[in-house]
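Per numbering that gives the first Met the number 0, the sequence shown starts with residue 0, numbered consecutively. What follows is a single structure, written as structure tokens, with notes after it.
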Amino acid sequence: MPSRSRIVIGWLLVLLLAVLTTSLLGAFDAGLGGVLGVIALIVSYHLIVRRLILRRNAVPKRVKVCFTLASIALAVSAVYASPARLVAFGKEGVGSIDYQDRQQGSHGAYLQCYVQDPDGNVDQLPSGGACPHPDGTPVTMVYTADGIGGPLLGTKSSYTYAVVICAVGELTGYSLMVAAAVITGRRFAA
Numbered sequence: 000m001p002s003r004s005r006i007v008i009g010w011l012l013v014l015l016l017a018v019l020t021t022s023l024l025g026a027f028d029a030g031l032g033g034v035l036g037v038i039a040l041i042v043s044y045h046l047i048v049r050r051l052i053l054r055r056n057a058v059p060k061r062v063k064v065c066f067t068l069a070s071i072a073l074a075v076s077a078v079y080a081s082p083a084r085l086v087a088f089g090k091e092g093v094g095s096i097d098y099q100d101r102q103q104g105s106h107g108a109y110l111q112c113y114v115q116d117p118d119g120n121v122d123q124l125p126s127g128g129a130c131p132h133p134d135g136t137p138v139t140m141v142y143t144a145d146g147i148g149g150p151l152l153g154t155k156s157s158y159t160y161a162v163v164i165c166a167v168g169e170l171t172g173y174s175l176m177v178a179a180a181v182i183t184g185r186r187f188a189a
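Encoded structure:
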């Protein structure tokens, strides 16, 4: 039987890895946060939950279900964390389309749009593709001074859905993780 301290430390480690990858990394780079978050959650389940916490004991079905649903919720929230961060901490202003550039990627050539934010910084839009307007066209954007995770074209209110999805995913995911930890503690703690 696993000890109470092993259960607590193990689940705190699982939560820490989830926060660092899906929440924090996702807030700066949605793709990287989503991918590394899923990898961290899979590794956490197999190495921390199954090996460190439960050792050779079978993982209870309710823990598996809670962990799986939590992982899905956190992966979805990671995808929307970057726009949500921009809405919460970024500025809204009018910049302009600067230029578009043809770049070579691993899957062939693609167009990348660059915009100039109201502070005069030139950054690429996070999603690839042609610019939506000709060079020099004024556009409303949400941006940060550091340019990380953005800018995004549109107003802060046009990204409210991202904030809602991110918040619901985070609350649901971490609530289910805590539920899995509580179930583990009640079932196995000596």
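Positions of the beta carbon are idealized from the N, C-alpha and C atoms, including for glycine.
- In summary, residue 144 is exposed, with fewer than 16 beta-carbon neighbours lying within 10 Å of its beta-carbon over all protein chains present.
- Taking the Cα positions, residue 141 is about 6 Å away from residue 90.
- Taking a cut-off of 8 Å on C-beta distances, the region 127-139 touches the region 86-103, as three or more cross pairs fall below it.
- Nearest C-alpha to residue 182 among 52, 104 and 15: 52.
- Contact between residue 176 and residue 46 is absent: CB atoms are separated by about 16 Å, not below the 8 Å threshold.
- Where residue 168 is concerned, the enclosing alpha helix (DSSP H) starts and stops at 159-187.
- The criterion of a C-beta distance shorter than 8 Å is satisfied by residue 127 and residue 110.
- A residue is called buried when at least 16 other Cβ atoms come within 10 angstroms of its Cβ; residue 173 meets this threshold and is buried.
- The alpha carbon of residue 116 has as its nearest neighbour, out of 157, 99, 104 and 137, the alpha carbon of 137.
- Between the alpha carbons of residue 17 and residue 106 lies a gap of roughly 30 Å.
- Under DSSP, residue 95 forms a beta bridge with 115 and 137.
- The three-state reading of DSSP puts residue 68 in helix, counting H, G and I together.
- In this structure residue 87 is not in contact with residue 29, their Cβ atoms being roughly 15 Å apart against a cut-off of 8 Å.
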